[in-house]
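Enquirer: So that we are looking at the same thing, I have put the structure below in structure tokens.
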Amino acid sequence: MSNDNRIPYDPRQVEMEAQKLWDENKIFEVQPDQNKEKYYCLSMFPYPSGKLHMGHVRNYTLSEIIARYHKMRGKNVLHPIGYDAFGMPAENAAIKNKTAPAKWTYANMEEMSAQLKRLGFAYDWSREIKTCQPDYYRWEQWLFVRLFKEGLVYRKDAVVNWDPVDQTVLANEQVIDGKGWRSGAEVIRKTIPQWFLKITDYAEELLASLDNMPGWPDSVKTMQRNWIGKSKGLELDFEVSGFGAVSIYTTRPDTLYGVSYMAVAPEHPLAIQAALNNESLTAFLKQCSKEQSNEAAMATMEKKGMYSGFDAVHPLTNQKVPVWVANFVLMTYGTGAVMAVPGHDQRDYEFAQKYDLPITQVIDAEGDLSQSAIVEKGILINSADYDGLDFQGAFNAMAAHFEAQGTGRVQINYRLRDWGVSRQRYWGCPIPIIYCDDCGAVPVPEDQLPVVLPEDVAFDETGGSPIKKDPGFYQTTCPKCGKEATRETDTFDTFMESSWYYARYTCPNFNEGMLSEEADYWLPVDQYIGGIEHAILHLLYARFFHKVLRDQGLVKSDEPFNNLLTQGMVLKDGAKMSKSKGNTVDPQALIDRYGADTVRLFSMFAAPPEQSLEWSDEGVEGASRYLNRLWNQIHSFVARAGTDILVLPKNLNKEQKSLRLKVHQTIEKVTLDIGERHTFNTAIAAMMELTNALQKYNDTEISDLAVLQEGWQSLLLMISPFAPHMAQSLWQSMGHNDLLCEKTWPEIDKTALVQDEIDMAVQVNGKLRATITVAVNMSQNEVEGVALADANVQKFIDGKPIRKVIVVPKKIVNVVV
RNA sequence: GCCGGGGUGGCGGAAUUGGUAGACGCGCCGGAUUCAAAAUCCGGUUCCCUUGCGGGAGUGGGAGUUCGAUUCUCCCCCUCGGCACCA
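Numbering (the numbering used here), first residue to last: 3 to 819.
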């Protein structure tokens with residue numbers, strides 16, 4: 003193997019040439035083709051935060067490999083890209099740099115597109131979407147108006163974080179330890195009217211469909227099921243003297259005799275009425291309003307409460323039950339009021355102990371009430387007529403009793419809440435509503451859409467939305483009566499844009515409607531890839547939108563994403579890489595130094611896609627070294643073998659057979675790893691092993707070269723999704739003039755996989771003592787004989803009686819003595 | 001707190017259906033090549049004992065099922081993601 007006259011590997015040159023070839027041939031631009039099987043491969047589109055970070059590179063390389071692989075399998079592959087361009091960081095940058103959010107966003111998109119192109123990703127750029135453009139978001143407004151008319155949209159009061167100094171609404175992320183991140187002022191809960199989408203109307207279908215989605219990871223489906231949180235319980239009215247009936251919701255009516263108090267949320271009407279003549283309760287409610295309202299804070303904060311002064315009547319015993327106001331009761335779940343059973347609910351138990359409320363046992367189950375609540379279900383005790391019933395029996399009997407009385411009913415509840423889509427921010431899609439003193443909230447008529455967001459704006463220090471202070475934007479006339487009216491100045495949650503972009507990619511330039519007929523050719527997405535952090539919100543909203551689009555007659559399928567691959571986070575110093583944490587790794591420096599192919603290869607080799615990846619710069623070197631070696635090996639092979647196509651000899655010798663076995667075993671493994679398992683790290687490892695085998699092979703005659711040529715060519719085909727530029731260049735060096743990415747995936751030759759002999763492990767009492775080589779067709783008895791004949795095996799049997807011999811064909815023999 | 005992941009050599013990871021733990025790569029050690037270096041090539045590399053042959057231990061911790069457990073069950077610890085206005 004001569005290494006003289008080596009052609010040096012120059013990634014920059016090789017990559018430029020390959021990209022030029024692809025561009026000239028427009029090979030990644032696709033149109034519907036009824037004669038080909040379609041394949042829609044999609045990565046979650048990026049927020050244009052500045053430059054690409056390693057999480058992006060990982061995500062896009064994943065979809066890239068899957069897209070190129072399926073193209074080589076003969077499918078019509080759609081692989082689009084775009085930007086989730088609205089969002090808060092643009093406003094922060096605007097305040098910091100005194101530029102308009104639009105300008106900053108467009109500059110970022112330009113920079114990131116250049117980086118994506120430099121990485122050689124096989125996108126159909128003609129379908130690029132930027133969600134901040136009116137020709138995209140107008141259809142979102144259009145859909146909202148449609149849903150408004152159908153009653154799927156409503157307005158109600160909801161809580162926001164209010165910064166009393168900056169006089170502005172803060173995102174949860176902008177509240178740090180209960181204080182505004184800019185002003186440092188103590189943030190308070192404030193209630194303002196906001197728009198909601200009735201996702202709860204679809205709760206049942208969103209839940210039920212999960213049973214029919216085999217292409218999604220179980221973990222994500224479980225998270226979504228738990229998030230939707232369907233439960234069956236009883237809604238019961240407790241009569242409160244001086245107030246009226248208060249409804250509670252419980253999934254454990256069997257514990258009703260154990261109720262020793264009730265608890266209502268601080269925002270509950272009873273709490274508000276009770277506070278009218280009660281100074282300390284007023285102070286308590288005020289204190290509660292300063293507590294963070296997010297669920298994690300609610301769950302971990304100190305449980306506090308105060309007696310409201312009201313008492314309810316127990317619906318079965320007619321005894322007085324005190325009503326407490328408690329900071330841990332959620333106004334947004336159930337009825338905002340709960341019955342408390344300290345004997346059988348741990349949170350109620352701790353609260354009762356703290357405030358010295360009675361704890362009684364009404365369920366007979368394992369546990370010690372002096373230590374903790376007994377939460378297991380069991381037989382009812384101390385429950386009068388209901389004693390002796392089990393959970394289901396008690397549930398049914400109680401339900402029948404209260405339904406007959408008209409004071410209770412069986413109720414299916416969901417933890418899922420309707421989707422609040424109003425944001426009091428500037429850089430988002432304007433909500434197409436006009437407020438008229440006479441006509442109320444009126445949707446903007448279709449022919450007046452889009453409501454365009456003015457882009458030339460300036461921010462002041464407080465971060466308040468410029469359009470809220472811009473009469474040119476909000477002053478308008480009522481579409482119904484023509485009177486002076488005011489435009490809605492809130493914008494949509496950016497999850498709105500990301501809930502349907504996958505569908506718009508199928509017809510991004512369609513001007514006559516939201517989606518064209520092309521949508522049903524491409525949809526649903528065959529493979530969706532993105533961060534696990536989106537397991538619930540984005541993926542649930544997108545599923546909801548798809549069902550809404552279906553019910554609007556815009557798509558025919560029920561679900562948007564057939565297969566989901568959730569990639570793990572790219573971590574740096576143990577935490578999610580994000581601009582706000584300042585722990586990002588800039589892939590550009592790596593591309594400049596090693597080339598795109600190395601960066602792509604390494605990002606796939608470092609870890610399996612679903613696992614989080616702790617980034618380290620070491621190891622990139624290894625990927626680069628591997629590609630260099632491949633480059634040198636193939637050039638050296640061509641120097642020896644030429645570029646003519648060599649014909650495999652009919653009769654292979656032992657070494658040739660063994661090499662072909664390796665080649666076809668690798669094709670089998672890589673095909674499985676890419677196509678089925680999505681374990682690209684092991685696919686690369688297998689290709690490296692094959693490279694080692696081909697490199698070590700000592701060729702002495704022309705037939706050797708034929709076997710090697712088959713091996714190298716197969717390897718180039720298999721590595722081309724990972725390192726497409728180098729693969730293209732080497733493909734040409736091997737004598738081909740065509741585009742490698744349009745070739746078909748290598749075929750497995752089953753005859754090459756046939757083996758005569760295999761290695762088996764021999765254990766004595768479960769410990770490895772020998773390995774033996776046996777003929778494939780040897781019987782179990784013969785294998786046992788060979789195993790027992792081994793000297794080291796005999797040494798450990800040591801004359802002891804053999805109790806049992808287990809032979810697992812082609813794997814292992816275990817001798818038990 | 002609740003829901004869902006993860007924990008394997010010095011490091012990233014492999015072991016696909018309960019069957020040889022550590023593939024592949026990084027790093028490190030030794031050698032070849034070189035005036036020298038880089039690059040490249042060859043060999044070694046879980047830990048402990050042993051010149052070697054070989055032996056013992058070992059997959060976060062503890063228990064269990066099994067001829068056999070990284071893999072299954074139970075308990076615990078650590079860690080990451082999500083928790084509805086970050087995207």
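Yeah, the Cβ is synthetic: ideal placement off N, Cα and C, and Gly gets one too.
Going straight from the alpha carbon of Phe404 to that of Pro317, what length do you get?
Expert: Working through the first sequence from its first residue, we reach residue 404 at position 402. Working through the first sequence from its first residue, we reach residue 317 at position 315. Near 9 Å, if we compare the C-alpha coordinates of Pro317 and Phe404.
Enquirer: Under 8 Å by Cβ, that's how I've got Val364 and Thr257 pegged, so tell me the actual separation to the nearest angstrom.
Expert: Position 362 of the first sequence, counting from 1, holds the residue named residue 364. Position 255 of the first sequence, counting from 1, holds the residue named residue 257. At roughly 6 Å, the Cβ-Cβ gap stays under 8 Å, so Val364 and Thr257 are in contact.
Enquirer: From Glu514, Leu455 and Ile531, pick the residue whose C-alpha is nearest to that of Phe494; which is it?
Expert: For this step, residue 494 is matched to residue 492 along the first sequence. Ranking Glu514, Leu455 and Ile531 by Cα distance to Phe494 puts Leu455 first.
Enquirer: By the DSSP assignment, the alpha helix (DSSP H) with Val343 in it spans what residues?
Expert: As a working note, residue 343 is residue 341 in the first sequence. Segment: none, Val343 is in no alpha helix (DSSP H) and carries neither H nor E.
Enquirer: Excluding sequence positions up to five away, which residues of its chain have a Cβ less than 7 Å from the Cβ of Val2?
Expert: No answer is possible for residue 2: it lies beyond the span of the chain, which begins at 3 and ends at 819.
Enquirer: Quick check: the Cα distance between Asn214 and Cys743, rounded to an integer number of angstroms?
Expert: Here residue 214 refers to the residue found at position 212 when the first sequence is read from its first residue. Here residue 743 refers to the residue found at position 741 when the first sequence is read from its first residue. Answer to the nearest angstrom: the Cα atoms are 34 Å apart.
Enquirer: Is the separation between the beta-carbon of Leu692 and that of Val665 shorter than 8 Å?
Expert: As a position in the first sequence, residue 692 is number 690, starting the count at 1. As a position in the first sequence, residue 665 is number 663, starting the count at 1. Contact flag set, yes.
Enquirer: Report yes or no: do the stretch 203-214 and the stretch 184-195 share at least 3 C-beta pairs separated by less than 8 Å?
Expert: With the cut-off at 8 Å, the stretch 203-214 and the stretch 184-195 do not touch.
Enquirer: What are the boundary residues of the alpha helix (DSSP H) that Cys290 is part of?
Expert: Position 288 of the first sequence, counting from 1, holds the residue named residue 290. Residues Glu281 to Ser291.
Enquirer: Could you tell me the alpha carbon to alpha carbon distance between Met3 and Asn700, rounded to whole angstroms?
Expert: Taking the first residue of the first sequence as position 1, residue 3 is located at position 1. Taking the first residue of the first sequence as position 1, residue 700 is located at position 698. At Met3 the pLDDT is 38, less than 50, meaning the model places this residue with poor confidence; the figure from the coordinates comes in the next sentence. About 9 Å.
Enquirer: When the Cα of Val327 is compared with those of Asp313, Tyr11 and Leu719, which residue comes out closest?
Expert: Here residue 327 corresponds to residue number 325 of the first sequence, with the count starting at 1. It is Asp313.
Enquirer: Mind checking which residues open and close the beta strand (DSSP E) that includes Leu236?
Expert: Indexing the first sequence from 1 puts residue 236 at position 234. Ser233 to Val242 is the span of the beta strand (DSSP E), which, as asked, contains Leu236.
Enquirer: Measure how close the beta-carbons of Gly465 and Ile131 come, nearest whole angstrom, since I'm counting them as under 8 Å.
Expert: Position 463 of the first sequence, counted from the start, is the residue given in the question as residue 465. Position 129 of the first sequence, counted from the start, is the residue given in the question as residue 131. About 27 Å separates the two Cβ atoms, so there is no contact after all.
Enquirer: Just checking my contact of Ile593 with Arg120 at CB under 8 Å: how many whole Å lie between their CB atoms?
Expert: Locating residue 593 in the first sequence gives position 591, counting from the first residue. Locating residue 120 in the first sequence gives position 118, counting from the first residue. Indeed, because the Cβ distance is near 6 Å, the residues count as touching under 8 Å.
Enquirer: What is the DSSP secondary structure of Met308, reduced to helix, strand or coil?
Expert: Translated into positions along the first sequence, residue 308 becomes position 306. Strand.
Enquirer: Thinking C-beta only, is Thr224 closer than 8 Å to Gly235?
Expert: Translated into the one-based positions of the first sequence, residue 235 becomes position 233. Translated into the one-based positions of the first sequence, residue 224 becomes position 222. No, Cβ-Cβ distance for Gly235 and Thr224 is not below 8 Å.
Enquirer: So what does DSSP say about Ile131, is it helix, strand or coil?
Expert: The residue you call residue 131 lines up with position 129 of the first sequence. Strand.
Enquirer: Looking at the structure shown, is Ile2 part of a helix, part of a strand, or coil, going by DSSP?
Expert: Since the first and last residues shown for the chain are 3 and 819, residue 2 lies out of range.
Enquirer: Return the chain-ordered list of same chain residues with a C-beta closer than 8 Å to the C-beta of Tyr437, the five sequence neighbours on each side being excluded.
Expert: Taking the first sequence and counting its residues from 1, one reaches residue 437 at position 435. Ala443, Val444, Ala487, Thr488, Arg489 and Glu490.
Enquirer: I need the straight-line Cα distance from Leu154 to Leu199, nearest angstrom please.
Expert: Within the first sequence, the letter at position 152 stands for residue 154. Within the first sequence, the letter at position 197 stands for residue 199. For Leu154 and Leu199, the distance between alpha carbons rounds to 6 Å.
Enquirer: Within 10 angstroms of its Cβ, does Met689 collect 16 or more other Cβ (buried), or is it exposed?
Expert: Working through the first sequence from its first residue, we reach residue 689 at position 687. It counts as buried.
Enquirer: How is Ile647 classed by DSSP in three states: helix, strand or coil?
Expert: Taking the first sequence and counting its residues from 1, one reaches residue 647 at position 645. Note: Ile647 maps to coil in three-state DSSP.
Enquirer: Span of the beta strand (DSSP E) holding Met264?
Expert: Here the question's residue 264 lines up with position 262 in the first sequence. Looking at the DSSP string, the run of the beta strand (DSSP E) that includes Met264 is Tyr263 to Val266.
Enquirer: Identify, in the order they occur along the chain, each residue of the same chain with its Cβ nearer than 6 Å to the Cβ of Arg157, setting aside the five sequence neighbours on each side.
Expert: Mapped onto the first sequence, residue 157 falls at position 155. Pro195 and Trp197, listed in sequence order.
Enquirer: Please identify the residue among Leu525, His540, Arg506 and Asp751 whose C-alpha is closest to the C-alpha of Phe497.
Expert: For the purposes of this step, residue 497 is identified with residue 495 of the first sequence, where counting begins at 1. With distances taken between Cα atoms, Phe497 lies closest to His540.
Enquirer: Spatial neighbours of Ile808 within its chain, please: CB distance less than 6 Å, with the 5 preceding and 5 following residues excluded, ordered by chain position.
Expert: Position 806 of the first sequence, counting from 1, holds the residue named residue 808. Only Asn816 meet the Cβ criterion.
Enquirer: Please list the terminal residues of the continuous alpha helix (DSSP H) segment that includes Pro610.
Expert: Position 608 of the first sequence holds residue 610. No alpha helix (DSSP H) contains Pro610, which DSSP labels as neither H nor E.
Enquirer: Quick one: residues in its chain with C-beta nearer than 7 Å to the C-beta of His270, no 5 flanking neighbours on either side, listed in chain order?
Expert: In the first sequence, counting from the first residue as 1, residue 270 sits at position 268. Met333, Gly338 and Ala339.
Enquirer: Am I right that Asn683 and Met606 are in contact with their C-beta atoms under 8 Å? What's the rounded C-beta distance?
Expert: What you label residue 683 is simply residue 681 of the first sequence in a count that begins at 1. What you label residue 606 is simply residue 604 of the first sequence in a count that begins at 1. Right, the Cβ-Cβ distance comes to about 6 Å (below 8 Å), so this counts as a contact.
Enquirer: What separation, rounded to the nearest whole angstrom, lies between the Cα atoms of Ser500 and Lys813?
Expert: Position 498 of the first sequence, counted from the first residue, corresponds to residue 500. Position 811 of the first sequence, counted from the first residue, corresponds to residue 813. If you take the alpha carbons of Ser500 and Lys813, they lie about 50 Å apart.
Enquirer: So Trp197 is in the beta strand (DSSP E); what residue range does that whole segment cover?
Expert: Here residue 197 refers to the residue found at position 195 when the first sequence is read from its first residue. Ile190 to Leu199 is the span of the beta strand (DSSP E), which, as asked, contains Trp197.
Enquirer: From this set, Leu790, Met762 and Ala791, which residue's C-alpha is nearest Ala777's C-alpha?
Expert: Reading the first sequence from its first residue, position 775 is the one you call residue 777. Of the candidates Leu790, Met762 and Ala791, the one whose C-alpha sits nearest the C-alpha of Ala777 is Met762.
Enquirer: Could you give the distance in angstroms between the alpha-carbon of Pro589 and the alpha-carbon of Ala625?
Expert: Along the first sequence, read from residue 1 onward, the residue named residue 589 stands at position 587. Along the first sequence, read from residue 1 onward, the residue named residue 625 stands at position 623. Distance between the alpha carbons of Pro589 and Ala625: 15 Å.
Enquirer: What residue range does the alpha helix (DSSP H) around Lys507 cover?
Expert: Taking the first residue of the first sequence as 1, we reach residue 507 at position 505. The identity of residue 507 in the sequence shown is Tyr, whereas the question assumes Lys. Segment: none, Tyr507 is in no alpha helix (DSSP H) and carries neither H nor E.
Enquirer: Taking DSSP as the reference, what is the three-state secondary structure of Trp326?
Expert: Within the first sequence, numbered from 1, the residue matching residue 326 stands at position 324. Trp326: strand per DSSP, three-state reduction.
Enquirer: Within 10 Å of its beta-carbon, does Asp740 have 16 or more other beta-carbons around it, so buried, or fewer, so exposed?
Expert: By 1-based counting over the first sequence, the position of residue 740 is 738. Counting Cβ neighbours within 10 Å, Asp740 comes out exposed, since fewer than 16 surround it.
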